Amino acid sequence: MAKSLKCGICGALFRNVAEAQNHGEVTGHSSFEETTEVIRVMKCLACGKPCRTDAERDMHKRFTGHAEYAEQTEDAVINTEVEMKEARDAMEEDADILRASLGKPPKAKPKAEGGDGTAGGSGEAETSGEAEMVPAEVPETLLQEMEDMGFARNRAIRAIWFSKAVSSVEAAVNWLMDHDNDPGIDEPLMVKKSEAEGAGEEGGGSKEPVDPVEARRKVEEAIRKAREKREKEEKELERQRELERIRAGKEMQKLREKDDELALKRIAEQRKREKEEEARAREELRRKLEEDRKERRRKLGLPEELTEEEKVREAEKRKKQEEEEAAKKAFNYVKPVSLLSKMRTQLVDLKKAHMAGVAGSSGEEAFKTACSTMLKYLGNIAANPGEEKFRSIRLSNAAFQSRVAALPGAIDFLITCGFEKTDEALVMAADKVNLDLLNGAGAALNEAITNPFFGVL
Numbered sequence: 004m005a006k007s008l009k010c011g012i013c014g015a016l017f018r019n020v021a022e023a024q025n026h027g028e029v030t031g032h033s034s035f036e037e038t039t040e041v042i043r044v045m046k047c048l049a050c051g052k053p054c055r056t057d058a059e060r061d062m063h064k065r066f067t068g069h070a071e072y073a074e075q076t077e078d079a080v081i082n083t084e085v086e087m088k089e090a091r092d093a094m095e096e097d098a099d100i101l102r103a104s105l106g107k108p109p110k111a112k113p114k115a116e117g118g119d120g121t122a123g124g125s126g127e128a129e130t131s132g133e134a135e136m137v138p139a140e141v142p143e144t145l146l147q148e149m150e151d152m153g154f155a156r157n158r159a160i161r162a163i164w165f166s167k168a169v170s171s172v173e174a175a176v177n178w179l180m181d182h183d184n185d186p187g188i189d190e191p192l193m194v195k196k197s198e199a200e201g202a203g204e205e206g207g208g209s210k211e212p213v214d215p216v217e218a219r220r221k222v223e224e225a226i227r228k229a230r231e232k233r234e235k236e237e238k239e240l241e242r243q244r245e246l247e248r249i250r251a252g253k254e255m256q257k258l259r260e261k262d263d264e265l266a267l268k269r270i271a272e273q274r275k276r277e278k279e280e281e282a283r284a285r286e287e288l289r290r291k292l293e294e295d296r297k298e299r300r301r302k303l304g305l306p307e308e309l310t311e312e313e314k315v316r317e318a319e320k321r322k323k324q325e326e327e328e329a330a331k332k333a334f335n336y337v338k339p340v341s342l343l344s345k346m347r348t349q350l351v352d353l354k355k356a357h358m359a360g361v362a363g364s365s366g367e368e369a370f371k372t373a374c375s376t377m378l379k380y381l382g383n384i385a386a387n388p389g390e391e392k393f394r395s396i397r398l399s400n401a402a403f404q405s406r407v408a409a410l411p412g413a414i415d416f417l418i419t420c421g422f423e424k425t426d427e428a429l430v431m432a433a434d435k436v437n438l439d440l441l442n443g444a445g446a447a448l449n450e451a452i453t454n455p456f457f458g459v460l
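Be aware that the sequence shown starts at 4, since it is given in this note's numbering, and climbs by one per residue.
Okay, here's the thing in structure tokens:
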């Protein structure tokens, strides 16, 4: 026998069909199946509240601070066919009530056959008067009171009829508060003639007169209570839906996290297998190379294993190769990012300082002239790093004085590029030539010349 109903989308367990229906209304899930899984309940030892999921337990713990729980199981058996039949019967009853409120006869239900093969009950003995539809009749005093309160006539008749009000309109007003948005509520109410006659007999007789002021007060009080009750029920329903939405969301989040964890495990296992296969492939290659080496030595008439003298030569050869590789790495310059950033900052400050001191286009032209001159100096060194004449700039040179030295900060830029200042010249030693640094400085100078927004943004 089934012990629970399981949602085929999120995996939540439910004790009966009603809980599954509520879950479907909140989440939109419509796939459920019977299962023998037992519903696990964690009961709070402090207040006794049962928590059916880890998410519900965590939320209760966060709001109350209760930390001790005892795990229990609900070992109940559900009969899905019976519960589904009860749910269908309830839906048919609601449909009959709705049809009656619209003035339509209830849906005919199949009747059991009698012993003579005819339908049970009254069968064809029903009179035409019982099936005849007539307008519903209600007490005129109550109807007039409802109309005086502002309710439409057809709406008031329905409220009095279905609430079975006799001496007070309070029940009718409560019914209207609950069915205010029903379709066809303003249509004329038609009922069976037999029901109308029975209602007339029940409503007959003399009734004590009701004070209009007191009746209105009671009606207003009934309206207020009905409104408060409906608002309270709506708030509670909304709260339950929000809790269910939060629980379903947390369950889905845990499922996603579990899937992600499994995916990561699969990726790690795949990488481990690939590494193991790669190691086996390297070992196989090494073994084949060793066999080829031994085969070649056998063909040459040499022993398979290396002699001590050959081992020494192989060791020296490997050491020499390692030294050569280390020497190559020693002369492999790393791009000096900090120096390039410093040079760019110097150029920006140089442009801003000169533009602020010299107004008009002449200041910008002087800055570009200085950048062009320094770019030429650095370009000559990069193209001919062994030529000493390109690595020396006389400070007394007229062109250098007018084009470069006249701008404060330009000499500092050249020093950052690798020049050293003496009393008579700027000199760059041969071992200080860094092509990566010179290329970076050249790119910064070229940008300062060609980009009109250099140093502005």
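Ideal placement from N, C-alpha and C gives every residue a C-beta, glycine not left out. Given the structure is predicted, the values throughout are model-derived calculations rather than measurements.
Asked	Found
Enclosing alpha helix (DSSP H) for Met149 [first to last residue]	Glu143 to Asp151
Cβ shell of Leu429 (< 8 Å), same chain only, five flanking positions each side left out	Ser395, Ile396, Leu398, Ile414, Leu417, Ile418, Phe422 and Glu423
Gln75 - partner residues in DSSP beta bridges	Val44
Where Glu84 falls, given that 16 or more other Cβ within 10 Å makes a residue buried	exposed
Beta-bridge pairing of Ala1 - partner residues as DSSP gives them	Since the first and last residues shown for the chain are 4 and 460, residue 1 lies out of range.
For Val137, the residue or residues it bridges with in DSSP	Val194
Pro138 versus Arg161, Glu59, Ala385 and Thr144, residue with shortest Cα-Cα distance	Arg161
DSSP bridge partner residues for Glu3 (one or two, in chain order)	A question about residue 3 goes unanswered here, because the residues of the chain that appear run from 4 up to 460.
Burial state of Lys238 (16 or more Cβ within 10 Å)	exposed
Rounded distance between the beta-carbons of Leu16 and Glu40, thought under 8 Å	6 Å
Closest Cα partner of Glu254 within the set Ser33, Asn19, Arg55 and Lys46	Arg55
For Gln243, the nearest candidate out of Ala93, Glu327 and Thr30 (CA to CA)	Thr30
Exposed unless 16 or more other CB atoms sit within 10 angstroms - verdict on Ile163	buried
Which listed residue (Glu89, Lys228, Thr310 and Ser7) has its alpha carbon closest to that of Thr76	Ser7
Per-residue burial, Ala451 [other beta carbons within 10 Å of its own, 16 or more giving buried]	buried
For Ser166 and His182, the rounded distance between their alpha carbons	11 Å
Buried versus exposed call for Gly207 [16 or more other C-beta atoms within 10 Å across all chains shown]	Note on Gly207: pLDDT 48, under 50, position unreliable in the model; no value is reported.
Which of helix, strand or coil DSSP assigns to Glu423	strand
Three-state secondary structure assigned by DSSP to Phe457	coil
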